[in-house]
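Undergrad:
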Amino acid sequence: MTRQVIEYAGIPVGIVVPDKGALKFIAVKFHVHDLDGQHFSAASDVLRAIHKLASTTSGGLNRAA
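Residue numbering for the sequence shown is 1 to 65, as defined by my numbering.
#1: Can you tell me whether residue 31 is buried or exposed? The criterion is at least 16 other CB atoms within 10 Å of its CB, across all chains shown.
#2: At the level of alpha carbons, what is the spacing between residue 13 and residue 25?
#3: From residue 65 to residue 9, what does the alpha carbon distance come to, in whole angstroms?
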């Protein structure tokens, strides 16, 4: 795998790329920027982190940003 697009609620929010034996998340939406550069074991772990982030911020993720 070279890279994988990560979508949340139908919105592309970033990509993961292999790095140091894990997947490095690269954010492309401001709402998930807090996760930018973090390493995860699997894409599903990224989605869980995004869900947690979205549920702790007011308004979650919206399509405008």
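For every residue, glycine included, the Cβ atom is placed at its ideal position computed from N, Cα and C.
TA: By the coordinates alone:
#1: So residue 31 ends up on the buried side.
#2: One C-alpha to the other measures close to 10 Å.
#3: Any reading at residue 65 is ruled out, since the residue's pLDDT is 46, under 50, leaving its predicted position unreliable.
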